[in-house]
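Novice:
There are 2 protein chains.
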Amino acid sequence: MTNMAASKSYTLPADLPLDSGEALAGVEIAYETYGELNEDKSNAILICHALTGDQYVASDHPVTGKPGWWVRMVGPDKPIDTNRFHVICANVIGSCMGSSGPASLASDGQPYAMRFPVITIRDMVRGQIALLDGLGISQLHTVIGGSMGGMQALSLAANFPTRAARVLVLASTARHSAQNIAFHEVGRQAIMADPNWQEGDYYAGAAPDAGLAVARMAAHITYLSEEGLTDKFGRRLQNRDTKSFGFDADFQVESYLRYQGSGFTQRFDANSYLYITRAMDYFDLAEEFASGEGDAKLADAFAGHARGEGARFCLVSFDTDWLYPTAESRHIVHALNAVGAPVSFVELSAPYGHDSFLLDVPALDRVVEGFLK
Amino acid sequence: MTNMAASKSYTLPADLPLDSGEALAGVEIAYETYGELNEDKSNAILICHALTGDQYVASDHPVTGKPGWWVRMVGPDKPIDTNRFHVICANVIGSCMGSSGPASLASDGQPYAMRFPVITIRDMVRGQIALLDGLGISQLHTVIGGSMGGMQALSLAANFPTRAARVLVLASTARHSAQNIAFHEVGRQAIMADPNWQEGDYYAGAAPDAGLAVARMAAHITYLSEEGLTDKFGRRLQNRDTKSFGFDADFQVESYLRYQGSGFTQRFDANSYLYITRAMDYFDLAEEFASGEGDAKLADAFAGHARGEGARFCLVSFDTDWLYPTAESRHIVHALNAVGAPVSFVELSAPYGHDSFLLDVPALDRVVEGFLK
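Chains A and B supply the protein sequences, listed in that same order.
According to numbering that gives the first Met the number 0, the residues represented by the first sequence are 0 to 372, in order.
According to numbering that gives the first Met the number 0, the residues represented by the second sequence are 0 to 372, in order.
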């Protein structure tokens with residue numbers, strides 16, 4: 000796949016400083032908006048997308064033609080009501096749908112590839128803030144994100160405490176666990192093992208699609224629950240009555256995974272997958288705010304929200320999410336409690352595992368709608 | 000890697016019939032024994048190994064030089080006491096440590112590669128039974144297995160109910176779930192995506208080690224618990240004080256996984272990995288005994304053990320095993336209860352996830368020792 004033109008694009012007027020110490024020049028941020036911005040610019044909601052998401056939250060995807068990834072949540076009279084709110088969703092830096100990433104051209108006219116600097120979740124948020132500055136939005140009504148989007152929402156709240164009045168975090172975590180890192184490392188190794196990867200310099204030739212597909216397959220399992228997989232597929236065979244005694248996709252779940260893997264390569268850049276998973280693995284909000292004395296305390300990250308003088312928070316977890324289980328959300332809630340920030344928290348019951356935040360969970364609709372009231 | 004000579008080998012005197020309908024000629028079974036067989040041949044214990052295990056249960060591995068995979072459990076005065084028992088462990092067919100598998104030579108003098116027939120857990124057990132026939136052992140004191148070894152123990156009990164007086168099943172299942180199949184499919188796709196795989200015909204050239212390493216990495220995560228990974232590695236960095244902002248193995252867990260992946264390729268054949276994972280995915284003991292009327296009932300598989308006239312069973316699960324969780328063992332126990340077979344069952348607490356059956360869990364030693372009394 001190639002880097003996509005976005006419907007709207009903003010070029011940052013200044014270099015973007017990065018956690019690595021580098022600075023990125025000429026950063027492009029591709030974004031979509033829905034609904035009108037009101038006169039005092041107080042009705043803006045920033046939605047932060049997940050690892051393989053993009054800005055097409057409620058409009059058709061330009062490559063796949065599929066509906067936006069959160070149309071069930073965002074639109075007129077939807078829980079995030081675009082009759083009332085101005086919704087902004089920007090492609091994160093490092094990604095491949097129009098914002099600057101490894102597939103973008105560097106100053107020498109060649110794709111950055113692995114010359115693109117390693118970025119962090121905070122760097123993505125710096126990009127989001129720069130876009131908001133460009134749009135003249137000093138404070139968001141709400142910042143919302145699920146999964147990696149939730150990490151960005153937390154990072155925005157921690158690093159730019161005045162920029163959002165409400166923070167809604169779904170199915171997320173304040174730090175990547177060893178198991179989270181391990182699954183991502185499998186995906187990176189699958190990409191790097193593909194001879195087409197060519198140390199990242201594949202843009203003139205064939206992309207490492209086989210490796211990227213394997214990475215996606217491994218990750219996809221972590222987005223679903225064991226129960227959900229059993230309900231959806233069980234041990235049912237695909238288009239056959241008996242086992243083939245071969246290596247075709249005998250089982251429906253095999254066929255489904257292969258389809259997920261190959262479909263993903265149509266719309267995503269393998270180097271972006273490397274960079275974004277790296278950013279997620281590096282994410283440890285407590286560590287960012289560590290004083291250097293003893294263990295890092297997550298509460299220190301929320302000092303800007305002490306005694307109810309900052310944002311209102313809402314955390315949602317799902318009981319079948321084993322990627323970022325409820326304990327991770329509870330850990331965040333405890334840190335917010337410790338500084339006296341107003342926070343509501345609910346663990347919802349849904350059979351879909353981590354992906355529940357994207358799927359038909361009516362209870363989630365009610366939580367989102369209620370929090371935005 | 001190449002097919003290894005084993006210390007003992009038995010050539011089956013007749014073709015081995017397979018579930019696929021094919022029959023395999025000239026099957027070799029490589030095996031190890033420990034302790035003396037008594038005069039009436041009543042003290043034999045068959046240990047069935049897991050997916051990537053082998054016959055070197057209590058002796059050094061000929062390739063890696065490492066101690067046998069269950070030395071803590073098997074030996075003089077150990078829970079499986081070789082002063083008292085004659086312990087047999089055979090490399091399963093389809094594997095690569097001396098028993099017939101895809102790396103073995105077919106009648107045309109070339110490796111079978113993907114011409115090797117797709118086998119099942121029951122086919123592996125047919126091989127074990129043929130070996131016992133060759134050794135003149137009509138009834139085992141006990142058949143023991145963990146993980147895929149447990150599947151073989153269950154299959155042996157179901158298909159050859161008079162051949163073992165005791166059946167000990169650790170951290171196992173009577174059928175592979177959709178999630179189990181999904182993880183295996185990722186591994187198979189990783190191997191098949193490696194250009195060195197060459198449709199399985201790689202024995203004269205470079206092996207698909209990169210793909211096999213990725214397969215092993217993905218599987219390895221499923222053998223450990225999230226808590227175990229956190230305790231062992233957490234977010235600790237590997238040989239550095241700060242993040243590299245690159246794609247080296249910054250985190251210890253990354254370094255560990257890479258080591259597991261590359262080490263595995265030294266001792267295992269990629270095609271064997273395909274065949275054995277396929278056998279595991281095909282495993283559904285209830286389905287094998289289905290009458291065709293309505294849903295298959297697992298209890299039907301244990302008809303040969305009805306009313307206490309068959310073997311004594313013992314099932315052990317581990318509370319942190321998310322690959323084959325306790326519910327899977329309980330399902331087997333209920334089926335045994337339904338036919339009135341004597342069965343004891345315990346869920347042990349251990350932090351190591353699925354691999355607990357291989358590791359230092361003193362409570363397991365006591366269960367094994369007690370069951371063999």
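Every residue gets a Cβ at the ideal spot worked out from N, C-alpha and C, and that includes glycine.
Predicted model, so just to flag it, every value in this text is computed and none were measured.
Cβ of threonine 229/B less than 8 Å from any chain A Cβ?
Specialist: yes
Novice: Say whether chain B places a C-beta atom closer than 8 Å to the C-beta of methionine 3/A.
Specialist: Below a pLDDT of 50, predicted positions are generally treated as unreliable, and methionine 3/A, at 47, falls in that range; the measurement from the model is reported next regardless. Cβ-Cβ to chain B under 8 Å: no for methionine 3/A.
Novice: Sorted by chain position, which residues of the same chain lie with C-beta nearer than 7 Å to glycine 339/B's C-beta, five sequence neighbours on each side aside?
Specialist: Ala305, Arg306, Gly307
Novice: Please report the distance separating the alpha-carbon of proline 116/B from that of serine 343/A.
Specialist: 58 Å
Novice: So, using beta-carbon positions, are glycine 148/A and histidine 48/A closer together than 8 Å?
Specialist: The criterion of a C-beta distance shorter than 8 Å is satisfied by glycine 148/A and histidine 48/A.
Novice: Going by DSSP, what residue range makes up the alpha helix (DSSP H) through histidine 219/B?
Specialist: Per DSSP, histidine 219/B belongs to the alpha helix (DSSP H) from 208-222.
Novice: Taking only the alpha-carbon atoms, compute the straight-line gap between methionine 3/B and glycine 369/B and give it to the nearest angstrom.
Specialist: Bear in mind that a pLDDT of 47 at methionine 3/B, under 50, signals an unreliable position, so the number given afterwards is only what the model happens to contain. Between methionine 3/B and glycine 369/B, the alpha-carbon positions lie close to 36 Å from each other.
Novice: Does any CB atom of chain A fall closer than 8 Å to the CB of leucine 273/B?
Specialist: yes
Novice: Considering only their Cβ atoms, is the gap separating threonine 63/A from valine 73/A smaller than 8 Å?
Specialist: no
Novice: Tell me which residues of the region 217-247 of chain B have at least one Cβ-Cβ distance to chain A shorter than 7 Å, keeping chain order.
Specialist: Ala217, Ile220, Glu225, Leu228, Thr229, Phe232, Gly233, Arg234, Lys242, Phe244, Gly245, Phe246
Novice: Could you work out which residue in Ser243/B, Lys40/B, Gly303/B, Asp53/B is closest to glycine 20/A when comparing CA atoms only?
Specialist: Residue Ser243/B is the option with its Cα nearest to glycine 20/A.
Novice: If the criterion is Cβ atoms closer than 8 Å, does the pair leucine 17/A and alanine 129/A meet it?
Specialist: no
Novice: Answer yes if the region 180-199 of chain B comes into contact with the region 242-259 of chain B, meaning at least three C-beta pairs across the two stretches below 8 Å, and no otherwise.
Specialist: no
Novice: Identify the contact partners of glycine 210/A in chain B, using a Cβ-Cβ distance below 7 Å as the criterion.
Specialist: Ala192
Novice: Rounded to whole angstroms, what's the CA-CA distance from tyrosine 278/A to histidine 183/A? Just pull it up for me.
Specialist: The identity of residue 278/A in the sequence shown is alanine, whereas the question assumes tyrosine. Rounded to whole angstroms, alanine 278/A and histidine 183/A show a C-alpha spacing of 11 Å.
Novice: Give the secondary structure of alanine 89/A by DSSP, where H, G and I count as helix, E and B as strand, and everything else as coil.
Specialist: strand
Novice: Please tell me whether alanine 102/B has its Cβ less than 8 Å away from any Cβ of chain A.
Specialist: no
Novice: Checking 8 Å against the spacing of the C-beta atoms, do leucine 211/B and aspartate 354/B come in under that value?
Specialist: Inclusion of leucine 211/B and aspartate 354/B in the CB contact set at 8 Å is not warranted, their separation being larger than that value.
Novice: Tell me the rounded alpha-carbon separation between threonine 52/B and asparagine 90/B.
Specialist: Note that residue 52/B corresponds to glycine in the displayed sequence, not to threonine. Cα to Cα, glycine 52/B sits roughly 8 Å from asparagine 90/B.
Novice: Quick one: Cα of serine 328/A to Cα of alanine 173/A, how far?
Specialist: 8 Å
Novice: Glutamate 35/A by DSSP, collapsed to three states: which one?
Specialist: Glutamate 35/A carries a coil assignment under DSSP once its states are collapsed to helix, strand and coil.
Novice: Tell me lysine 7/A's beta-bridge partners as DSSP assigns them.
Specialist: In the DSSP secondary-structure assignment, lysine 7/A is bridged to Tyr30/A.
Novice: Using 8 Å as the Cβ pair cut-off and three pairs as the minimum, do the region 253-271 of chain A and the region 314-328 of chain A touch?
Specialist: Contact fails: fewer than three Cβ-Cβ distances are below 8 Å.
Novice: Does valine 252/B come within less than 8 Å of chain A when only Cβ atoms are used?
Specialist: yes
Novice: Go ahead and pull the three-state DSSP assignment for phenylalanine 370/B.
Specialist: helix
Novice: So that I know if they touch, is there some Cβ in chain A lying closer than 8 Å to that of serine 19/B?
Specialist: yes
Novice: Along the chain, where does the beta strand (DSSP E) containing phenylalanine 344/A start, and where does it finish?
Specialist: Where phenylalanine 344/A is concerned, the enclosing beta strand (DSSP E) stretches over 342-347.
Novice: Measuring straight from C-alpha to C-alpha, what distance separates aspartate 122/B and isoleucine 92/B?
Specialist: Near 8 Å, if we compare the C-alpha coordinates of isoleucine 92/B and aspartate 122/B.
Novice: Which two residues bound the contiguous alpha helix (DSSP H) that contains arginine 235/B?
Specialist: Taken as a continuous stretch (DSSP letters only), arginine 235/B belongs to no alpha helix (DSSP H), as it is neither H nor E.
Novice: Chain B partners of aspartate 283/A, CB-CB under 8 Å?
Specialist: Arg234
Novice: On the three-state DSSP scale, how would you describe serine 94/B?
Specialist: coil
Novice: Can a CB atom of chain B be found closer than 8 Å to the CB of phenylalanine 263/A?
Specialist: no
Novice: For histidine 333/A, count the other beta carbons within 10 Å of its own beta carbon; 16 or more makes it buried, fewer makes it exposed. Which is it?
Specialist: exposed
Novice: Which residues does DSSP pair with arginine 377/B in a beta bridge?
Specialist: Within the shown structure, residues of chain B are numbered from 0 to 372, placing residue 377/B beyond reach of any answer.
Novice: With which residues is proline 16/A paired in a DSSP beta bridge?
Specialist: Ala22/A
Novice: Which value, in whole angstroms, describes the spacing of the CA atoms of leucine 256/B and serine 94/A?
Specialist: 26 Å
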